[in-house]
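Position one of the sequence shown corresponds to residue 104 (my numbering), numbered consecutively onward. Positions of the beta carbon are idealized from the N, C-alpha and C atoms, including for glycine. Everything below concerns the one structure shown next.
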Amino acid sequence: MSKPKVVVTRRWPEAAEARMKELFDVSLNATDTPMSAAELTRALKSADAVCPTVSDTFNAEVLDHDGLSAKILGNFGVGFNHVDLEAAKKRGLVVTNTPEVLTDCTADLAMTLMLMVARRAGEGERHVRTNAWTGWRPTHMMGAKVTGKTLGLIGFGRIARAMAHKAHFGFGMRILFNDPFPPSAEVVNALGATACATPEEVIASADFVSLHCPGGAATRHLMNAERLASMKPGAFLVNTARGDVVDQDALVAALKSGRLGGAGLDVYDGEPAVPESLKTLENVVLLPHLGSASLETRVAMGMRVIDNLEAYFAGRPPRDRVA
Ligand code: DGY
């Protein structure tokens, strides 16, 4: 029996590409060049499965065509706001994602950003590298203490809960959260967390606000000028979720005004473009969407896509079906 034909849109870690080659008639992207909308549509018309990642846009322009041969989009990534699920469903496509395997690494990165921005680690590193450091002194680069402070989580899914665990048990932090679909009281209590009825309630009391909701229309600019202004004076914002959850112009204004202590960002609205106004601020830590970027996790993400494809082509339900 011939192997299913699969198109992978970007480079994957070696071990995951090797497994793909064993199982499927796969077309890999050796140059790692992003594919255009027309190329993505061509892939949907020539393969049985297409494996995009979070930087490929699968909107109606790409998906809404007659004559698609693809039956499944095996997304490499947990977020799927780059896929128009309605357009995919209309064309009969199954869509899967890669939850769980990236939870800890993404939470680790949110912790990294929280610690870096509070303790001025990015700024300090630039200080050393540019030979600006003149030596230890009691008032040099004083930041904010993290241990024992209050962490507010917007969204309380797997990644937020992993961050809550690290912050509560590792750093003695008090945990507040808001989520329209909270986990059971048992899970909440085990993390020493307190549920808040609204994002406003979290924002008003937290020393650090960390965003963990999905991106897309429902959460676009959730952190707008008003909510940023209601954060505690000197509080910090961390975003490892999606860039469009934050109104970037309002964030720059809040940072410039001195109202916020700083921001740690891994994601941006319109990335990879990052506004110059953010790059020139010292009190922000800027990372290039590294949340899941450990070798172990990226291999596990590839293997999880493969599990989903194998299940689908064997006639079983893929475990991570989102559409
Ligand atoms: C995801 O998976 O959605 C992340 O943003 C990248 O790992």
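- When only Cα atoms are considered, A173 and L196 end up about 7 Å apart.
- Excluding its 5 nearest sequence neighbours in each direction, A357 has C-beta neighbours in its own chain below 6 Å: L331 and L363, listed in chain order.
- Given a length threshold of 3 residues, each whole run of the beta strand (DSSP E) inside the region 262 to 300 is given here in chain order: 277 to 281 and 296 to 298.
- Taking a C-beta distance under 8 Å as the contact criterion, C299 and L314 do not qualify as a contact pair.
- The criterion of a C-beta distance shorter than 8 Å is satisfied by V388 and M219.
- Excluding residues up to 5 positions away in sequence, V312 and A366 lie with their Cβ nearer than 6 Å to the Cβ of L340 in the same chain.
- G418 and N200 have their C-alpha atoms some 18 Å from each other.
- Proximity to A152 across T215, K108, P375 and D167 peaks at K108, based on C-alpha coordinates.
- Placement of the Cβ of H268 at a distance of 7 Å or more from every heavy atom of the ligand DGY is found.
- Here L340 is bridged, per DSSP, to V312 and A366.
- Sixteen is the threshold: when 16 or more other Cβ atoms of the shown chains lie within 10 Å of the Cβ of K252, as they do, the residue is buried.
- In the DSSP assignment, S333 is bridged to no other residue.
- Pairwise C-beta distances place the region 117 to 136 in contact with the region 395 to 408, as three or more of them are shorter than 8 Å.
- R422 counts as exposed, since fewer than 16 other beta carbons sit within 10 angstroms of its beta carbon.
- By the C-beta density criterion, F284 is exposed, having fewer than 16 other C-beta atoms within 10 angstroms.
- Within the same chain, and ignoring the five residues on either side of L325 in sequence, the residues whose Cβ sits closer than 6 Å to its Cβ are V348.
- If you draw a straight line from the Cα of R323 to the Cα of P375, it is about 18 Å long.
- Judged by pairs of C-beta atoms under 8 Å, the region 260 to 268 does not touch the region 301 to 310, as fewer than three such pairs exist.
- In the three-state reduction of the DSSP assignment, G394 falls in the coil class, being assigned neither a helical nor a strand state.
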